[in-house]
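Just so we're aligned, residue 143 is where the sequence shown starts under my numbering, counting upward by one.
Here a beta-carbon is modelled for each residue, glycine too, at the ideal position from N, C-alpha and C.
Owing to the predicted nature of the structure, the values given are computational and were not obtained by experimental measurement.
The structure under discussion appears below in the form of structure tokens.
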Amino acid sequence: MRSRSRTRERGFTLIEMMVAMALGLVVLSAAVQLYSQGVNATWTISQRAEMQQDFRAAADMLTRDLSLAGSGLGNNVQIALPAGTGTLPVYGCSQTTCYLNGTGAAYPTQGGNPYLYGLMPGWKFGPIMNASQPATDTVTVVYTDSSFFLNCYSVTVSSATVVQFKLNSPLPANCVLPTGVTAPQDVNDSVVGLTPGDLVWFTVTTGSGSGATTAPVIGEVTNVATAGTNTYNVTFGTADALRMNQTGTTGGAIETFVGWTGFANRLLVITYYIDNTISPPRLMRQVSGHTPMPVAENVVYLQFSYDLYNSATAAALPNQADGGASQGLTPSQITKINILHMAMNSTLKGAKGGYQSLDLQTSVSARDLTFKNDYPQ
Numbered sequence: 143m144r145s146r147s148r149t150r151e152r153g154f155t156l157i158e159m160m161v162a163m164a165l166g167l168v169v170l171s172a173a174v175q176l177y178s179q180g181v182n183a184t185w186t187i188s189q190r191a192e193m194q195q196d197f198r199a200a201a202d203m204l205t206r207d208l209s210l211a212g213s214g215l216g217n218n219v220q221i222a223l224p225a226g227t228g229t230l231p232v233y234g235c236s237q238t239t240c241y242l243n244g245t246g247a248a249y250p251t252q253g254g255n256p257y258l259y260g261l262m263p264g265w266k267f268g269p270i271m272n273a274s275q276p277a278t279d280t281v282t283v284v285y286t287d288s289s290f291f292l293n294c295y296s297v298t299v300s301s302a303t304v305v306q307f308k309l310n311s312p313l314p315a316n317c318v319l320p321t322g323v324t325a326p327q328d329v330n331d332s333v334v335g336l337t338p339g340d341l342v343w344f345t346v347t348t349g350s351g352s353g354a355t356t357a358p359v360i361g362e363v364t365n366v367a368t369a370g371t372n373t374y375n376v377t378f379g380t381a382d383a384l385r386m387n388q389t390g391t392t393g394g395a396i397e398t399f400v401g402w403t404g405f406a407n408r409l410l411v412i413t414y415y416i417d418n419t420i421s422p423p424r425l426m427r428q429v430s431g432h433t434p435m436p437v438a439e440n441v442v443y444l445q446f447s448y449d450l451y452n453s454a455t456a457a458a459l460p461n462q463a464d465g466g467a468s469q470g471l472t473p474s475q476i477t478k479i480n481i482l483h484m485a486m487n488s489t490l491k492g493a494k495g496g497y498q499s500l501d502l503q504t505s506v507s508a509r510d511l512t513f514k515n516d517y518p519q
């Protein structure tokens, strides 16, 4: 027979089990904490990466437009707008709504008459985002649309509200098409053609030879109709949203030039502003008389200043918040745009309850405004 072992088998005591469980909990707690920190770090990094991408895209678009201010408008351009009726032209409006604090912005004036410039500061034209900060700024840049070859058409001012565009052969000398392009787009082209809300800058001519004179005038498109082969009648009807098409004015209106001929370019009047009527607030880009489009969300502050040079007094005026208006200078004397703040917050709060943020601070040259070396030495 096999003998039974008399050795006693012992397990863990209660104290040993308690110590082991305590050590296990410590190790598990450390592992959970490390995992939580890793998740939070990943969340923070992903939020920052998304914010940086949006911020970079918005900054690139804004600085590109600022660098084009005045492009194609010529030397020291200041185009007289309709005046004398008591109703002055505005910008910052679509066909149905105005967006700069619920209203349209008036163009800068000289002697009480409004003028369009290649750059128009909007000091405190935007909403108040924080009670401890001033109202936000807006900025408006103007340049010609180089992708639409409207200047290849000959124009005739048929009436106070209608201008006829006709494509003649040969093309005029000022029509320069890119290599491989044999003809300009149709005036009513479905992709790039004129639509209601577009602004058109006319350079009209009367007389001939040494007696010929030219004059600029701007109108807002209200309708486009085909009038024959390569011929279009474009209406610039009164009561337009931007108040460009006025009658009975002292000047600067299409009605003044009935019977005159010339050529035209499409103007892009581009306004950047913050829209805080929705949450989160957005940086918006509004073009001429069209509906604005969002550039980036969570933009919470926008502030500019401007460097100017007064060639008459050889005085440099840096960091003018109002674009030199208080100094009696015009926007065409701006030499540099300073983006003091374009602040953006992250979409969501971080692990500790706060938002991440970025702030753009840079400067952009404005050489197209003067189109000459009008800078301090």
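N-terminal and C-terminal residue of the beta strand (DSSP E) that residue i is part of
i: Gly370; result: 365-370
i: Phe267; result: Looking at the DSSP string, Phe267 is not in any beta strand (DSSP E), and its letter there is neither H nor E.
i: Ser505; result: 499-507
i: Phe307; result: 304-308
i: Thr377; result: 373-377
i: Leu425; result: 424-429
i: Thr298; result: 296-299
Closer than 7 Å to chain B by CB, residue i
i: Ser447; result: No chain B is part of this structure, which consists of one protein chain only.
Alpha carbon of residue i to alpha carbon of residue j, nearest angstrom
i: Arg206; j: Met484; result: 15 Å
i: Gly216; j: Pro460; result: 24 Å
i: Met262; j: Thr504; result: 18 Å
i: Ser209; j: Ala508; result: 6 Å
i: Pro326; j: Phe291; result: 5 Å
i: Gly351; j: Ala357; result: 16 Å
i: Thr373; j: Gly212; result: 29 Å
i: Leu230; j: Asn387; result: 10 Å
i: Met486; j: Gln428; result: 19 Å
i: Asn365; j: Gln275; result: 43 Å
i: Val323; j: Ser311; result: 15 Å
i: Leu384; j: Ser236; result: 8 Å
i: Val437; j: Gly393; result: 37 Å
i: Asn255; j: Gln475; result: 18 Å
i: Gly361; j: Trp343; result: 7 Å
i: Ser301; j: Ile396; result: 8 Å
i: Ala456; j: Phe197; result: 38 Å
For residue i: DSSP bridge partner residues
i: Thr348; result: Thr355
i: Trp402; result: Beta-bridge pairing links Trp402 to no other residue.
i: Asn450; result: Here residue 450 turns out to be Leu, not Asn, going by the sequence shown. For Leu450, which the question treats as bridged, DSSP gives the partners Leu459, Ile476.
Local conformation of residue i per DSSP, three classes
i: Asn487; result: strand
i: Thr286; result: strand
i: Met386; result: coil
i: Thr251; result: strand
i: Asp417; result: strand
i: Val441; result: strand
i: Ala222; result: strand
i: Gly166; result: helix
i: Asn293; result: helix
query: If you pair each beta-carbon of the region 327-347 with each one of the region 263-276, do three or more pairs fall below 8 Å?
result: no
- request: Count the C-beta pairs between the region 410-430 and the region 440-458 that are closer than 8 Å, then say yes if the count reaches three, no if not.
  value: yes
- request: Spell out a yes or no on whether the region 387-405 and the region 295-306 are touching, meaning 3 or more CB-CB pairs, one atom from each, closer than 8 Å.
  value: yes
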